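Student:
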Amino acid sequence: MKQFLVSFILLGVVAAPVRAQEREMILPVPQSAYSQAVKIKGGTLVFLSGVGPADEKGVLAAPGDFPGQVRATWENMRRVLAKAGGSVDDIVTMTVYTTERRWGEIFTNMRKEVFKTGYPSSAFMEARKLKTPGALLEIQAIAVLKE
Amino acid sequence: MKTVMLVLVVFLLSHLETSYGQELKKEFVDPVPQESRSTAVKVKGGTMIFLAGHTASLPQVNVEHGNFEVQFKRVFDKIKTTLSQAGGTFDDIVTMSVFLTDLRYIPEFNKLSKEIFKKNFPAVTFVEVSHLARPQLIMEIQPIAVMP
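Here the protein sequences come in this chain order: Y and C.
Adding 93 to a residue's 1-based position in the first sequence gives its number in this note's numbering.
Adding 20 to a residue's 1-based position in the second sequence gives its number in this note's numbering.
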């Protein structure tokens, strides 16, 4: 009986970590606020449509003002992720499209304020045009919600 | 004694189920039916398929690639073939990056994609690029699918 109890407890200890979600940021680049890779197992994935600086009604925030549009984009990102039951900390990877690549440094500096628990992987590139007229950036993200 | 064994077996099975039972759960967050897309798609479990960017490119060079509608249909035909090789269908697409050489095609794109996605709209990101792999190409679509 005791033996079974012991194996019962042991089994619980051994089997439990399989269910827990592990997230590992590989080769973080803190000066640009991203990681070369993010390793993760388990959890619920959230694929987001491109998020830009326009609000729910499609009204563009901060026309011509890149930092203002970055702030608005992250606010919108927070809103969408909250609806999916998550937060920006759940983002594992993102593709950042901007209409002018010279804004890269401003973007990465501002990203340091967004992520508190490790940086997602990221790609940054210049697009000729984005969906919302006047938008200077758009972020396409994938998140994995914490269990 | 028997009861303990039984409990142990049930316990083991329940753990196996949660560890390996990859039953698919999908949720479409804030769908935008007029654009046949969702703001986000939430997925748990299932088998993922990461597709390459698909274009209307033909094996023969210098073949007429046609107008937007022709290219759209050819691209989705090829996506369908790729998905079916993997055992999937259009319904399994959860997100796609749509690269266009002119974003003024978006209304036409949405009109045509309504015929492909009747419900369960994927997340979509449109990006205008100056060039694709070949001069005649006006669109490239890179989807991710999750099958049961």
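Where is the CB? At the ideal position from N, CA and C, for every residue including glycine.
Please read these numbers as outputs of a predicted model, since none were measured by experiment.
For Glu193 (chain Y), would you say it is in contact with chain C, using Cβ-to-Cβ distances shorter than 9 Å as the test?
Tutor: It does not: the Cβ of Glu193 (chain Y) has no partner Cβ on chain C nearer than 9 Å.
Student: Please list, in chain order, the chain Y residues whose beta carbon lies closer than 9 Å to that of Lys134 (chain C).
Tutor: Under the 9 Å cutoff, chain Y gives no residues; its nearest Cβ is about 16 Å from Lys134 (chain C).
Student: Can the beta-carbon of Gln54 (chain C) be found closer than 9 Å to that of Asn140 (chain C)?
Tutor: No. Outside cutoff.
Student: Roughly how many angstroms lie between the CA atoms of Lys132 (chain Y) and Arg116 (chain Y), to the nearest whole one?
Tutor: The straight-line gap from Cα to Cα measures roughly 6 Å.
Student: So, is the C-beta of Phe140 (chain Y) closer than 9 Å to a C-beta in chain C?
Tutor: So yes, Phe140 (chain Y) belongs to the interface.
Student: Tell me the DSSP bridge mates of Gln162 (chain C)?
Tutor: DSSP lists C:Ser117 as partners of Gln162 (chain C).
Student: Quick one, which of C:Phe146, C:Gly66, C:Pro168 has its alpha-carbon nearest Phe119 (chain C)'s?
Tutor: Among C:Phe146, C:Gly66, C:Pro168, the Cα nearest to that of Phe119 (chain C) is on C:Phe146.
Student: If you check the beta carbons only, do Thr191 (chain Y) and Ser125 (chain Y) fall under 9 Å apart?
Tutor: No, Cβ-Cβ distance for Thr191 (chain Y) and Ser125 (chain Y) is not below 9 Å.
Student: Measuring CA to CA, which of Y:Leu153, Y:Trp167, Y:Gln114, Y:Ser214 is closest to Val122 (chain Y)?
Tutor: The candidate whose alpha carbon is nearest that of Val122 (chain Y) is Y:Ser214.
Student: Does DSSP classify Tyr125 (chain C) as helix, strand or coil?
Tutor: Residue state, collapsed to three classes: helix.
Student: Suppose contacts are defined by Cβ-Cβ distances below 9 Å. Is Met187 (chain Y) in contact with Ala147 (chain Y) by that definition?
Tutor: No, they are not a contact pair.
Student: Do you know offhand how far Gly238 (chain C)'s Cα is from Phe70 (chain C)'s?
Tutor: In the structure as shown, chain C starts at 21 and stops at 168, and residue 238 (chain C) therefore has no counterpart that could be examined.
Student: If you measure between the beta carbons of Ile161 (chain C) and Thr75 (chain C), is that distance less than 9 Å?
Tutor: Result yes, Cβ atoms of Ile161 (chain C) and Thr75 (chain C) sit closer than 9 Å.
Student: Looking at the secondary structure, which residues open and close the beta strand (DSSP E) in which Ser215 (chain Y) lies?
Tutor: Counting along the chain, the beta strand (DSSP E) containing Ser215 (chain Y) begins and ends at 214-219.
Student: With DSSP as the reference, label Ala165 (chain Y) as helix, strand or coil.
Tutor: Here Ala165 (chain Y) sits in helix by DSSP.
Student: Compare the C-beta of Lys224 (chain Y) with all C-beta atoms of chain C and state if any pair is closer than 9 Å.
Tutor: Yes, its Cβ sits closer than 9 Å to a Cβ of chain C.
Student: DSSP three-state call for Val63 (chain C): helix, strand or coil?
Tutor: Val63 (chain C) falls in the strand class under three-state DSSP.
Student: Taking only the alpha-carbon atoms, compute the straight-line gap between Phe208 (chain Y) and Gly161 (chain Y) and give it to the nearest angstrom.
Tutor: For Phe208 (chain Y) and Gly161 (chain Y), the distance between alpha carbons rounds to 18 Å.
Student: Ordered along the chain, which non-local residues of its own chain (more than five positions away) have a Cβ less than 6 Å from that of Glu73 (chain C)?
Tutor: Reading off the sequence shown, one finds Gly at residue 73 (chain C), where the question assumed Glu. For Gly73 (chain C), where only same-chain residues beyond five positions count, the Cβ hits under 6 Å are Glu160, Gln162.
Student: In the DSSP assignment, find the alpha helix (DSSP H) that holds Leu103 (chain C) and state where it starts and stops.
Tutor: Counting along the chain, the alpha helix (DSSP H) containing Leu103 (chain C) begins and ends at 88-105.
Student: List the DSSP bridge partners of Ile119 (chain Y).
Tutor: Beta-bridge pairing links Ile119 (chain Y) to Y:Ala130.
Student: Ser142 (chain Y) and Val144 (chain C) look like a contact to me (Cβ under 8 Å); what is the Cβ gap, rounded to whole Å?
Tutor: Their Cβ separation, rounded to whole angstroms, is 5 Å, which keeps Ser142 (chain Y) and Val144 (chain C) in contact under 8 Å.
Student: Using the Cα positions of Ser77 (chain C) and Ala220 (chain Y), report the straight-line distance between them to the nearest angstrom.
Tutor: Each residue's alpha carbon lies about 22 Å from the other.
Student: Could you give the C-beta distance for Leu49 (chain C) and Ala165 (chain Y), rounded to a whole number, given that I count them as a contact under 8 Å?
Tutor: According to the sequence displayed, residue 49 (chain C) carries Val and not Leu. The pair is not a contact, with the Cβ atoms about 20 Å apart (cut-off 8 Å).
Student: Which residues, taken in chain order from the segment 125-158 of chain C, show a beta carbon closer than 8 Å to some beta carbon of chain Y?
Tutor: Going along the segment 125-158 of chain C in chain order, one finds Ile126, Pro142, Ala143, Val144, Thr145, Phe146, Val147, Glu148, Val149, Ser150 with a Cβ nearer than 8 Å to chain Y.
Student: Drop a sphere of 10 angstroms on the beta-carbon of Ala234 (chain Y), count the other beta-carbons inside from all chains shown, and report buried for 16 or more, exposed for fewer.
Tutor: Buried is the call here.
Student: Within 9 Å (strictly less), CB to CB, does Lys176 (chain Y) reach chain C?
Tutor: Lys176 (chain Y) counts as touching chain C.
Student: Looking at the strands, I want to know which residues DSSP matches up with Val144 (chain C).
Tutor: Bridge partners of Val144 (chain C): C:Met116.
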